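This report concerns only the one structure given below.
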Amino acid sequence: METHFRPSRRSILAGTAAVAVGAMLPRLALGNTGAWSRVDDAMAILDGRDPIAQGVVLDLPLISENGAVVPLGISIDRPMAEDEYVQAIHVFAPANPFPHIASFRYPNARSTPRLETRVRLNESQPVVVLAELSSGAVLVGESEVRVTVSGCLTMSDTYDTESVFQTRVRVEPGAPTSVLTLINHPQETGLRTNAQGEIIPKRLIEKLEARIGDELVFEADLHRSISANPYLRFYIQPDAPGTLDLVWTEDTGETAEFSQDVA
1179 METHFRPSRR SILAGTAAVA VGAMLPRLAL GNTGAWSRVD DAMAILDGRD PIAQGVVLDL
1239 PLISENGAVV PLGISIDRPM AEDEYVQAIH VFAPANPFPH IASFRYPNAR STPRLETRVR
1299 LNESQPVVVL AELSSGAVLV GESEVRVTVS GCLTMSDTYD TESVFQTRVR VEPGAPTSVL
1359 TLINHPQETG LRTNAQGEII PKRLIEKLEA RIGDELVFEA DLHRSISANP YLRFYIQPDA
1419 PGTLDLVWTE DTGETAEFSQ DVA
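Each residue of the sequence shown is one higher than the one before, starting from 1179 at the first, in this note's numbering.
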């Protein structure tokens, strides 16, 4: 079921405008003024903490002609205190029917908080990112995207039902090591109807876990606003050679797996 690939495809960052959100600003708490303050899930993560407008870099198109497939790049560019590192990155689209897009978790200081993926946007709106640090601080970044066509309804031709769960992985050694993944899956939102007007049941890849041996090195919680055929590039820094194991889990409990030795 698992296959390697080297696709001839444009990087999701190509042709987009890199938007550095507050990277050069002082440690300034925003108060309840940002788009994040209108998202219940974001407020629950903050739990009374004031986010700092510093260090979150978003790479998004200024205009997306297809809201179903909007490329998104995220990185954190901020000096860290000793023993401080990014523990989690949370992504939101406030105007989507279900605003929480995804959460990405980093278990230790060796992790590289940088990723690329594709998301669905229902309409023109800001994309909001919260980055939780091990010190308890939370960074925030926001970037506006103008959407021409709504992306909340999965297009009928976005996947081949006979190859659902087919995985593609490319591991690029380096410092850090790049892991590019794609799994064929509809990511049905539960919002789309069939030709008879009936709701197509929700069906989602909800989680991706990456381990080297027994050590969790990266984890992603994916929600309805991740595009069909979920695509993700993330970065790891193994401290020793080992076997990289990836496991995708659907909301039904069904899984897909991939393994490869890494230096």
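For each residue, glycine too, the CB sits at the ideal point set by N, CA and C.
Since the structure is predicted, the reported quantities are computational estimates derived from the model, not experimental observations.
Status (buried if at least 16 other CB within 10 Å, exposed otherwise) for residue i
i: Asn1407; result: buried
i: Glu1322; result: exposed
i: Leu1386; result: buried
i: Gln1303; result: buried
i: Pro1249; result: buried
i: Gly1245; result: buried
Three-way DSSP call (helix, strand, coil) for residue i in this model
i: Glu1301; result: coil
i: Val1199; result: Interpretation of Val1199 is limited by its pLDDT of 34, a score under 50 that renders its predicted location unreliable; the figure taken from the coordinates is listed afterwards. The answer is strand: DSSP assigns Val1199 an E or B state.
i: Ile1404; result: strand
i: Ser1136; result: Residue 1136 lies beyond the residue range present for the chain, which begins at 1179 and ends at 1441; the question has no answer from this structure.
i: Arg1216; result: helix
i: Ala1309; result: strand
i: Leu1238; result: strand
Given residue i as reference, the closest of the options once Cα atoms are compared
i: Pro1379; options: Thr1430, His1278, Ser1242; result: Thr1430
i: Glu1340; options: Gly1420, Leu1424, Ile1377, Pro1364; result: Pro1364
i: Arg1256; options: Ile1241, Gly1319, Gly1212; result: Gly1319
i: Leu1317; options: Ala1220, Gly1420, Glu1428; result: Ala1220
i: Ser1405; options: Gly1314, Ala1222, Asn1300; result: Asn1300
i: Asp1392; options: Pro1354, Asp1423, Ile1377; result: Asp1423
i: Ser1313; options: Leu1410, Glu1376, Ala1287; result: Ala1287
Beta-carbon contacts of residue i that lie in its chain and below 6 Å, excluding the five residues immediately before and after
i: Val1347; result: Thr1359, Phe1436
i: Thr1421; result: Ser1437, Asp1439
i: Thr1345; result: Glu1180, Ile1361, Ala1434, Phe1436
i: Val1227; result: Correcting the residue identity first, residue 1227 is Arg in this sequence and not Val. Excluding positions up to five away in sequence, the list reads Val1316.
Cβ-based neighbour list, residue i, same chain, cut-off 7 Å, excluding 5 preceding and 5 following
i: Pro1285; result: Leu1394, Val1395
i: His1278; result: Asp1219, Phe1270, His1401
The stretch 1289-1304 / the stretch 1398-1406 touching (three or more Cβ pairs under 8 Å): Contact check between the stretch 1289-1304 and the stretch 1398-1406: three or more CB pairs, one atom from each, fall below 8 Å, which counts as touching.
Would you check if the stretch 1251-1271 and the stretch 1348-1358 touch, i.e. whether three or more CB-CB distances between them fall below 8 Å? With the rule of 3 Cβ pairs closer than 8 Å, the stretch 1348-1358 does not count as touching the stretch 1251-1271.
Counting pairs of beta carbons, one from the stretch 1247-1265 and one from the stretch 1216-1235, are three or more of them closer than 8 Å? With the cut-off at 8 Å, the stretch 1247-1265 and the stretch 1216-1235 touch.
Using a Cβ distance threshold of 8 Å, determine whether the stretch 1433-1440 contacts the stretch 1407-1424, with at least three qualifying pairs required. Cβ pair count under 8 Å is three or more, so yes.
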